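A quick write-up on the structure given underneath.
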């Protein structure tokens with residue numbers, strides 16, 4: 247029996263570019279998170295038989311799906327869900343099913359002449375895939391309540407990794423961090439590695455053909471499972487990490503999206519990483535040093551497709567007005583990204599001066615930073631750092647105001663008034679740089695950027711959340727991922743992973 251293949255992919259938060267990122271003319275600033283989704287792929291054993299794949303999600307009730315894989319002599323691949331045991335879920339999971347169907351078909355195309363023998367060897371014992379997500383992908387309110395713990399980051403640290411949810415996968419309260427994109431990316435990557443479509447050393451390289459193939463495949467699977475071609479920023483973040491993202495032309499996969507006999511679709515010609523029609527653009531990005539991303543799950547859901555459709559209806563009926571607003575928002579978003587990149591450069595060139603400037607600002611609210619910059623300083627660069635952080639603050643605030651204007655025109659709550667009130671109070675706290683509602687907005691989440699290592703700023707923000715009478719905001723543990731996008735893991739190196747896998751057997 248070969249060793250387990252373990253892959254992980256991060257969640258995401260789109261801090262700038264909501265709605266605009268759907269249009270190739272604009273970009274989105276997306277941060278990949280430290281919270282990750284894991285796929286653990288192993289050779290099977292009873293009750294998994296020849297040419298079968300069992301997928302388990304041990305954090306949930308009734309989350310087991312078994313599939314039969316059939317490969318015809320003419321190259322047709324069919325993955326069929328089985329229901330031969332009371333332990334198997336009768337429900338379908340299109341994300342998992344289609345990830346297997348399309349990735350196996352692609353693998354067969356890559357192996358050509360030796361494909362049948364190779365597939366027979368790989369599947370002779372069957373395969374077992376376990377998929378688990380870090381706690382941040384799901385609301386932990388019930389867990390905190392059962393332990394009589396306050397809603398703080400410190401409390402969340404007391405919950406064991408991969409906490410079991412006593413609900414089905416369909417009933418769980420998600421936090422909007424891109425669980426489906428991370429799930430698909432981790433499974434697609436594990437299958438590509440298992441069937442030797444990609445080489446592990448090549449896969450680890452950020453701009454390799456192997457990683458781009460995983461990206462293209464995961465994008466197609468995610469779109470097909472959702473029944474529409476979205477912007478793709480969530481899958482791109484899962485594969486490549488934090489970035490300034492410009493979407494691909496939806497026409498690239500239009501033909502594949504038509505469906506038909508999935509087992510006979512020719513995928514390689516479209517998904518091949520050297521196919522020049524894949525015109526997405528990824529500019530690697532990182533938050534400036536000593537800046538911490540903080541996220542909160544808000545207990546008031548929003549229907550994202552409904553928000554998007556209403557904004558698009560307004561845009562299509564008010565083309566000139568929408569274009570002017572979108573151009574202003576795009577300019578503000580670019581200012582934010584460029585300002586952060588300048589700050590990274592300032593730290594690289596003058597680390598001690600940069601740290602001194604951050605220490606000054608972390609003791610003040612953003613409204614007082616420019617006054618601080620006017621005080622005598624031994625280094626002009628220190629003043630530049632403060633002014634640049636203030637420019638980032640202003641750019642974010644400008645984007646917030648413009649997005650709220652779009653929401654007003656479209657008749658939707660992109661940044662609801664109660665969120666505005668909460669965010670304004672948070673951003674007014676000492677040591678807070680900026681914040682907003684991620685992605686398409688609505689009621690269900692907020693993001694903030696704080697200076698660190700200040701030990702006082704986060705508790706102040708948590709206090710604001712706890713005394714809010716209009717919104718129930720619970721922090722998440724996630725920060726920005728320092729490990730980029732999808733990666734190969736060692737099973738024993740991931741805290742709690744072995745335990746949750748054994749508990750699910």
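Numbering (the working numbering), first residue to last: 247 to 751. Note that beta-carbon positions come from the ideal geometry of N, C-alpha and C, so glycine has one too. The structure presented is a predicted model; accordingly, all values stated were derived computationally and were not measured.
Note that the stretch 376 to 383 touches the stretch 275 to 286; at least 3 beta-carbon pairs, one per stretch, sit closer than 8 Å.
Counting of Cβ neighbours within 10 angstroms places residue 412 among the exposed residues, the total staying below 16. For residue 365, same chain residues with a beta-carbon under 6 Å away, outside a window of 5 residues either side, are 317 in chain order. In the three-state reduction of the DSSP assignment, residue 721 falls in the strand class, which pools E and B. Between the alpha carbons of residue 501 and residue 625 lies a gap of roughly 59 Å. Excluding its 5 nearest sequence neighbours in each direction, residue 726 has C-beta neighbours in its own chain below 6 Å: 277, 533 and 539, listed in chain order.
If you draw a straight line from the Cα of residue 743 to the Cα of residue 252, it comes to about 10 Å. A distance below 8 Å separates the beta carbons of residue 684 and residue 260. Looking only at 386, 504 and 488, the smallest Cα-Cα distance to residue 527 is reached by 488. Taken in chain order, the complete alpha helix (DSSP H) segments of 4 residues or longer contained in the stretch 572 to 607 are 597 to 607. Counting every other CB atom within 10 Å of its CB across the protein chains shown gives residue 669 a total of 16 or more, marking it as buried. Separation of residue 577 and residue 637 (C-alpha to C-alpha, rounded to the nearest whole angstrom) is 13 Å.
At the C-beta level, residue 557 and residue 652 come within 8 Å of one another. Residue 748 is classed as exposed because its beta carbon has fewer than 16 other beta carbons within 10 Å across all chains shown. Residue pairing of residue 697 in beta bridges, as defined by DSSP: 537.
Annotation for residue 472: no residue places its beta carbon closer than 6 Å to its own, counting only its chain and skipping 5 residues before and after. For residue 678, there is no enclosing alpha helix (DSSP H); the enclosing beta strand (DSSP E) covers residues 678 to 682. Counting every other CB atom within 10 Å of its CB across the protein chains shown gives residue 404 a total below 16, marking it as exposed. Here residue 342 carries a helix assignment [DSSP, helix/strand/coil]. Using a 10 angstroms sphere on the CB of residue 665, the tally of other CB atoms reaches 16 or more, which defines it as buried.
A distance of 8 Å or more separates the beta carbons of residue 436 and residue 255. Under the DSSP definition of a beta bridge, residue 734 partners with 253. Membership of residue 279 in the beta strand (DSSP E) is indicated by the continuous run 274 to 289. Counting the other Cβ atoms within 10 Å of the Cβ of residue 492 gives 16 or more, which makes it buried. Short of 7 Å from the beta carbon of residue 672, and not among the five residues preceding or following it, lie these beta carbons of its own chain, in chain order: 678, 681, 694, 707 and 710. Residue 310 and residue 438 have their C-alpha atoms some 22 Å from each other.
When the beta-carbon positions are compared, residue 574 and residue 648 come within less than 8 Å of each other. Here the alpha carbons of residue 401 and residue 394 stand approximately 10 Å from one another.
Straight-line measurement puts the Cα of residue 622 at about 45 Å from the Cα of residue 482. Residue 673: member of the alpha helix (DSSP H) spanning 663 to 673, first to last residue. For residue 601, the closest alpha carbon among the candidates 662, 543, 537 and 569 is that of 537.
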